Amino acid sequence: MTDHAVTEEDIARLVPTFYERIRRDDLLGPIFDGAIKDWPHHLAKLQDFWSSVMLTSGRYKGQPVAAHVRHEQQMSKEAFTRWLAIWAETSRELLSAEAAAAFQDRAARIAESLQLGIQFFRDR
Ligand code: HEM
83 MTDHAVTEED IARLVPTFYE RIRRDDLLGP IFDGAIKDWP HHLAKLQDFW SSVMLTSGRY
143 KGQPVAAHVR HEQQMSKEAF TRWLAIWAET SRELLSAEAA AAFQDRAARI AESLQLGIQF
203 FRDR
């Protein structure tokens with residue numbers, strides 16, 4: 083189901099500003115800058131991801147759990163809390179209240195399932 087409050091323009095505004103803030107964050111910045119060599123590529127991929135999630139565009143093909151399990155030692159509860167706080171702040175500032183709420187709700191649910199996937203990997 084698509085979310086009618088959300089547009090491609092929202093995604094194009096949200097994703098780059100979010101990662102600018104992530105890179106300036108003292109906890110998350112080093113994790114991302116250590117892992118990501120090609121930022122334009124990452125931003126394009128994440129815009130495809132959110133377009134697939136919110137607008138069912140089908141543009142993203144990937145394995146998000148595997149991508150995070152690769153960095154599992156850095157994927158702490160605190161890191162997820164910080165990620166979601168920056169996501170909430172950025173979406174609130176840039177988008178309509180309705181669109182921001184939709185992105186926040188979806189990110190929280192994906193964060194939950196990523197953490198479960200990482201936990202499953204740790205317990206294996
Ligand atoms: C990719 C970090 C949370 C969505 C990545 C990568 C890193 C990273 C380092 C690059 C992985 C690689 O290519 O080696 C983190 C950290 C998080 C976090 C530190 C919080 C603790 C999230 C959340 C979402 C998300 C909550 C979605 C709501 C993605 C996606 C990719 C990605 C879609 C691309 C995966 C692919 O290559 O196909 N993340 N992430 N991340 N992240 Fe996250």
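Per our numbering, the sequence shown starts with residue 83, numbered consecutively. For every residue, glycine included, the Cβ atom is placed at its ideal position computed from N, Cα and C. These numbers were taken from a predicted model, which means no experiment stands behind them.
Subject >> First and last residue of the uninterrupted alpha helix (DSSP H) at GLN197 >> reply: 179 to 204
**OP:** Give every residue of the same chain whose Cβ lies closer than 7 Å to the Cβ of THR99, excluding the five residues on either side of it in the sequence, and list them in chain order.
**Re:** THR172 and LEU176
Original post:
Which runs of the alpha helix (DSSP H) fall wholly inside the segment 96 to 147 and span at least 4 residues, in chain order?
Top reply: 110 to 117 and 121 to 137
**OP:** Compute the minimum distance between the beta carbon of PHE114 and the heavy atoms of ligand 1, and state whether it is under 6 Å.
**Re:** yes
Subject >> Three-state secondary structure assigned by DSSP to VAL151 >> reply: helix
**OP:** Use the C-beta contact count for LEU110: other C-beta atoms within 10 angstroms, 16 or more gives buried, fewer gives exposed.
**Re:** buried
Original post:
If you run the structure through DSSP and keep just helix, strand and coil, what is SER158?
Top reply: coil
Original post:
Roughly how many angstroms lie between the CA atoms of ASP130 and MET136, to the nearest whole one?
Top reply: 10 Å
Original post:
Which same chain residues, not among the five before or five after SER139, have their C-beta less than 6 Å away from its C-beta?
Top reply: SER133
**OP:** Step through the CB atoms of chain C and report whether any lies within less than 7 Å of the CB of PHE185.
**Re:** In the structure shown, chain C cannot be found, because there is only a single protein chain.
**OP:** Check whether the Cβ of PRO122 sits closer than 6 Å to any heavy atom of ligand 1, and report yes or no.
**Re:** no
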